[in-house]
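**Student:** Residue numbers (our numbering), protein chains in the order written: chain A, 87 to 449; chain B, 441 to 695.
For reference, the structure I am asking about is given below.
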């Protein structure tokens with residue numbers, strides 16, 4: 087169960103995290119643990135994942151415990167909220183920061199509700215009861231430290247680059263060499279008067295706080311989630327670190343702060359060799375599809391040696407590539423793709439005890 | 441066909457950006473005409489646009505520190521290209537802290553107006569930003585549709601010759617009239633001035649208020665002088681002059 091409290095200025099950061107995650111998806115998991123309160127979000131086509139973990143010292147007070155079920159098993163809070171319910175509570179963050187003296191969040195397991203109380207000036211108290219859906223959070227495990235390319239930059243610089251791209255342009259390309267970094271519009275083959283402007287911006291290595299380029303590469307990803315991350319980083323005044331490799335391998339955007347840790351993992355477009363059989367698909371236009379973040383249902387118990395199944399779904403990106411097929415179950419050895427696993431409750435239990443409780447959920 | 445120009449002064453860049461934003465509010469797609477000494481933004485009247493047309497002229501020397509152009513041919517030393525006005529204004533808006541801005545006509549797979557900006561970052565190092573704005577070159581045979589519209593031989597200038605202008609709206613429930621008095625009447629350029637016109641007699645034209653609003657909302661550059669010409673029951677013509685930039689806008693009467 088969860089019980090925590092924060093001050094007005096902390097509410098602002100908390101609200102910004104929610105706003106940033108709302109760019110990823112319409113649903114949010116509230117996932118408390120001994121490490122702190124994690125807010126998680128995954129988009130419907132599994133090409134973007136966001137997680138903001140607030141450490142216990144971020145809050146004025148923070149209490150967390152597992153609840154004990156009727157049959158004696160312990161379970162975490164499996165709480166999924168709709169963004170539509172929670173986003174309006176954290177609107178107008180500047181005025182919240184000024185007016186809110188204390189914000190308390192706690193859960194009521196008997197009613198599947200999260201209660202958010204805002205104690206404002208002049209004795210005003212606002213209470214929001216938000217129903218939640220029982221759902222185990224998804225978590226991405228991505229070894230960002232094994233990436234060849236690591237860049238750390240102040241959010242303001244990235245924000246200046248992003249403003250060049252209009253909302254009609256969904257994807258941006260990041261091209262790096264040891265000498266320079268270029269952020270540019272994702273090019274399409276045929277452009278005409280009705281196409282968008284092609285923009286590019288060069289940033290020199292000296293503008294980065296940390297610059298390591300192990301492999302020259304160009305990766306293309308969705309702008310929308312990057313914007314979400316930028317919103318949040320400006321609130322924390324902390325630099326953003328980007329970990330990435332070759333096209334197809336996800337891009338991790340992270341913020342490491344004393345009191346919190348944010349990670350946004352975005353799938354990038356993978357190069358796929360053009361299908362030689364069809365005469366129309368000449369080499370000029372490479373069929374590209376977004377390589378997906380692998381999702382897995384893990385059944386890990388200490389004695390359980392079953393290999394993790396990982397379902398790697400190659401989902402067509404939003405607009406152009408309509409004829410992609412879903413299938414492909416590949417194993418964990420599929421290099422480079424991050425693994426998503428369900429955060430399970432078994433880690434502290436005795437080996438051999440009850441396996442993961444599967445929760446029925448909607449997809 | 442060649443065109444390259446450079447703006448090095450922050451105030452000129454700002455002014456040019458504002459003109460471009462104003463054009464973007466008045467026209468979705470417009471024609472850019474480049475001549476050795478002037479730049480024009482032109483919106484020719486069309487049924488799709490509701491008959492509205494716009495003509496904006498800037499003397500290039502007041503904006504550009506460098507300006508080179510070569511037209512289609514020697515006798516026709518002009519360039520006409522069509523572009524989406526908002527693309528240009530948005531690209532210019534990103535040049536807020538620019539050290540220099542260069543614009544040139546390029547052909548990268550297709551014709552573009554390429555805007556290159558040298559931004560100054562906080563660490564005072566330069567950062568290069570480039571925008572390729574797709575354009576369509578307008579062939580010479582269509583140029584005649586894009587000439588400066590003749591100011592019509594209006595019967596009346598300024599609503600009446602006594603300097604009164606009335607703006608009136610009428611609906612079923614209410615009628616509101618705003619009276620402007622003591623406005624000036626510019627001297628008539630026409631030689632066929634109808635002498636028998638009584639100074640008090642009003643000329644009136646009924647126009648779509650949305651088009652009028654669109655014109656007013658687009659104003660980002662405060663004009664030093666504005667002239668309103670009314671051709672009775674036909675159209676209204678606005679001629680705004682701000683220092684060196686002139687903007688003419690025609691709204692036809694409602695049928």
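Where a beta carbon is used, it is the ideal one built from N, C-alpha and C, also for glycine.
Are there three or more Cβ pairs, one per stretch, closer than 8 Å when the stretch 297 to 316 of chain A is compared with the stretch 347 to 357 of chain A?
**Tutor:** Counting C-beta pairs with one atom in each stretch, the stretch 297 to 316 of chain A and the stretch 347 to 357 of chain A have three or more that are closer than 8 Å, which means they touch.
**Student:** Run through DSSP, which three-state label would residue 451 (chain B) get?
**Tutor:** In the second chain, residue 451 (chain B) corresponds to position 11, counting from 1. Residue 451 (chain B) falls in the helix class under three-state DSSP.
**Student:** Between residue 182 (chain A) and residue 94 (chain A), which are expected to be in contact by the criterion C-beta below 8 Å, what is the C-beta distance as a whole number of angstroms?
**Tutor:** Start at 1 with the first residue of the first chain, and residue 182 (chain A) comes out as number 96. Start at 1 with the first residue of the first chain, and residue 94 (chain A) comes out as number 8. About 7 Å separates the two Cβ atoms, so the contact holds.
**Student:** Scan the stretch 233 to 244 of chain A for residues whose Cβ lies nearer than 8 Å to a Cβ of chain B and list them as they occur along the chain.
**Tutor:** 242, 243
**Student:** Residues in the same chain with beta-carbon distance under 6 Å from residue 179 (chain A), minus the five sequence neighbours each way, listed in chain order, please.
**Tutor:** Counting from 1 along the first chain, the entry for residue 179 (chain A) is found at position 93. For residue 179 (chain A), where only same-chain residues beyond five positions count, the Cβ hits under 6 Å are 98, 101.
**Student:** Which complete beta strand (DSSP E) runs does the stretch 282 to 329 of chain A hold, if anything under 3 residues is left out?
**Tutor:** 284 to 289, 296 to 298, 303 to 308
**Student:** So is residue 292 (chain A) in contact with chain B if we call contact Cβ pairs under 8 Å?
**Tutor:** For the purposes of this step, residue 292 (chain A) is identified with residue 206 of the first chain, where counting begins at 1. Yes, its Cβ sits closer than 8 Å to a Cβ of chain B.
**Student:** List, in chain order, every chain A residue whose beta-carbon is nearer than 7 Å to that of residue 527 (chain B).
**Tutor:** Along the second chain, one-based indexing puts residue 527 (chain B) at 87. Per Cβ cutoff of 7 Å: 283.
**Student:** Could you give the first and the last residue of the continuous alpha helix (DSSP H) run that contains residue 242 (chain A)?
**Tutor:** Translated into positions along the first chain, residue 242 (chain A) becomes position 156. Per DSSP, residue 242 (chain A) belongs to the alpha helix (DSSP H) from 241 to 248.
**Student:** Which residues does DSSP pair with residue 470 (chain B) in a beta bridge?
**Tutor:** Looking up residue 470 (chain B) in the second chain gives position 30. Note: residue 470 (chain B) is bridge-paired with B:523 in the DSSP secondary-structure output.
**Student:** Taking 7 Å as the limit between beta carbons, can you name the residues of its chain near residue 151 (chain A), skipping five residues before and five after?
**Tutor:** For the purposes of this step, residue 151 (chain A) is taken as the residue at position 65 of the first chain. Within the same chain, residue 151 (chain A) has close Cβ partners 87.
**Student:** Could you tell me whether the Cβ of residue 482 (chain B) comes closer than 8 Å to any Cβ of chain A?
**Tutor:** As a first step, residue 482 (chain B) is located in the second chain; it is residue number 42 there, counting from the start. So no, residue 482 (chain B) is outside the interface.
**Student:** Can you find a C-beta in chain B that's less than 8 Å from the C-beta of residue 188 (chain A)?
**Tutor:** Taking the first residue of the first chain as position 1, residue 188 (chain A) is located at position 102. At a cut-off of 8 Å between beta carbons, residue 188 (chain A) makes no contact with chain B.
**Student:** What do you get for residue 649 (chain B), buried or exposed, if any count of 16 or more other CB atoms within 10 angstroms of its CB means buried?
**Tutor:** Residue numbering aside, residue 649 (chain B) sits at position 209 when the second chain is read from its first letter. With fewer than 16 other Cβ atoms within 10 Å, it is exposed.
**Student:** Roughly how far, in whole angstroms, is the beta-carbon of residue 520 (chain B) from the beta-carbon of residue 554 (chain B), given that I think they are within contact range, below 8 Å?
**Tutor:** By 1-based counting over the second chain, the position of residue 520 (chain B) is 80. By 1-based counting over the second chain, the position of residue 554 (chain B) is 114. Not really, about 18 Å apart at Cβ, beyond 8 Å.
**Student:** The beta strand (DSSP E) spanning residue 267 (chain A) covers which residue range?
**Tutor:** On the first chain, position 181 is the one that residue 267 (chain A) refers to. Taken as a continuous stretch (DSSP letters only), the beta strand (DSSP E) holding residue 267 (chain A) covers 267 to 271.
**Student:** What does residue 250 (chain A) touch in chain B if you count any residue whose Cβ is under 8 Å from its own?
**Tutor:** In the first chain, counting from the first residue as 1, residue 250 (chain A) sits at position 164. Correct list: 534, 569, 571.
**Student:** Quick one: list the residues of chain A neighbouring residue 565 (chain B), beta-carbon separation under 8 Å, in chain order.
**Tutor:** Translated into positions along the second chain, residue 565 (chain B) becomes position 125. 290, 292, 293, listed in chain order.
**Student:** Does any C-beta atom of chain B lie closer than 8 Å to the C-beta of residue 286 (chain A)?
**Tutor:** Locating residue 286 (chain A) in the first chain gives position 200, where the first residue counts as 1. Yes, residue 286 (chain A) counts as interfacial toward chain B.
**Student:** Less than 6 Å between C-beta atoms, sequence neighbours within five positions excluded: which residues of the same chain meet that for residue 480 (chain B)?
**Tutor:** For this step, residue 480 (chain B) is matched to residue 40 along the second chain. Around residue 480 (chain B): 473, 497.
**Student:** Grab the span of the alpha helix (DSSP H) containing residue 581 (chain B) for me, first residue to last.
**Tutor:** In the second chain, the residue the question calls residue 581 (chain B) occupies position 141. Residue 581 (chain B) -> no alpha helix (DSSP H), and no H or E assigned at all.
**Student:** Where do the N-terminal and C-terminal ends of the alpha helix (DSSP H) with residue 535 (chain B) fall, by residue?
**Tutor:** Translated into positions along the second chain, residue 535 (chain B) becomes position 95. It is not in any alpha helix (DSSP H) - residue 535 (chain B) carries neither H nor E in the DSSP assignment.
**Student:** Taking the C-alpha atoms as reference points, what is the distance between residue 507 (chain B) and residue 451 (chain B)?
**Tutor:** Indexing the second chain from 1 puts residue 507 (chain B) at position 67. Indexing the second chain from 1 puts residue 451 (chain B) at position 11. Answer to the nearest angstrom: the Cα atoms are 17 Å apart.
**Student:** Looking at the secondary structure, which residues open and close the beta strand (DSSP E) in which residue 88 (chain A) lies?
**Tutor:** On the first chain, residue 88 (chain A) is found 2 positions in, with the first residue counted as 1. Segment 88 to 92, the beta strand (DSSP E) holding residue 88 (chain A).
**Student:** Going straight from the alpha carbon of residue 645 (chain B) to that of residue 682 (chain B), what length do you get?
**Tutor:** Start at 1 with the first residue of the second chain, and residue 645 (chain B) comes out as number 205. Start at 1 with the first residue of the second chain, and residue 682 (chain B) comes out as number 242. Rounded to the nearest angstrom, the two C-alpha atoms are 26 Å apart.
**Student:** Pull the bridge partners of residue 186 (chain A) from the DSSP assignment, please.
**Tutor:** Numbered from 1 along the first chain, position 100 holds the residue referred to as residue 186 (chain A). In DSSP, residue 186 (chain A) forms a bridge with A:206.
**Student:** How would you call residue 675 (chain B), buried or exposed, if buried means at least 16 neighbouring beta carbons within 10 angstroms?
**Tutor:** Position 235 of the second chain holds residue 675 (chain B). Looking at its Cβ environment, which holds 16 or more other Cβ atoms inside 10 Å, residue 675 (chain B) is buried.
**Student:** Please list, in chain order, all residues of the same chain as residue 422 (chain A) whose beta carbon is under 6 Å from its beta carbon, the five residues on each side excluded.
**Tutor:** Taking the first chain and counting its residues from 1, the one referred to as residue 422 (chain A) is at position 336. Only weak support exists for where residue 422 (chain A) lies, its pLDDT of 38 falling under 50; the coordinates are left without a value.
**Student:** Helix, strand or coil for residue 231 (chain A)? Go by DSSP, reduced to three states.
**Tutor:** Residue mapping note: residue 231 (chain A) aligns to position 145 of the first chain, counting from 1. Under the three-state reduction of DSSP, residue 231 (chain A) is assigned to helix.
**Student:** Do you know how far the Cα of residue 130 (chain A) is from the Cα of residue 297 (chain A)?
**Tutor:** For the purposes of this step, residue 297 (chain A) is taken as residue 211 along the first chain, with counting starting at 1. For the purposes of this step, residue 130 (chain A) is taken as residue 44 along the first chain, with counting starting at 1. Using only the alpha carbons, I get a separation of about 33 Å.
**Student:** Contact criterion: CB-CB distance below 8 Å. Does residue 561 (chain B) meet it with respect to chain A?
**Tutor:** Mapped onto the second chain, residue 561 (chain B) falls at position 121. It does: the Cβ of residue 561 (chain B) has a partner Cβ on chain A nearer than 8 Å.
**Student:** Listing by chain order, which chain A residues have their CB less than 8 Å from the CB of residue 531 (chain B)?
**Tutor:** Counting from one through the second chain, the residue named residue 531 (chain B) turns up at place 91. Within chain A, the residues whose beta carbon sits less than 8 Å from that of residue 531 (chain B) are 283, 285, listed in sequence order.
**Student:** In the DSSP output, what is residue 260 (chain A) paired with across the bridge?
**Tutor:** Locating residue 260 (chain A) in the first chain gives position 174, counting from the first residue. A:269, A:305.
**Student:** Suppose you measure from the CA of residue 579 (chain B) to the CA of residue 511 (chain B); what does that come to, to the nearest Å?
**Tutor:** The residue you call residue 579 (chain B) lines up with position 139 of the second chain. The residue you call residue 511 (chain B) lines up with position 71 of the second chain. Answer to the nearest angstrom: the Cα atoms are 12 Å apart.
**Student:** Three-state secondary structure (DSSP) at residue 531 (chain B)?
**Tutor:** Taking the first residue of the second chain as 1, we reach residue 531 (chain B) at position 91. DSSP places residue 531 (chain B) within a helical segment (H, G or I) once states are collapsed to three.
**Student:** With a cut-off of 8 Å, does the C-beta of residue 296 (chain A) fall near any C-beta of chain B?
**Tutor:** On the first chain, position 210 is the one that residue 296 (chain A) refers to. It does not: the Cβ of residue 296 (chain A) has no partner Cβ on chain B nearer than 8 Å.
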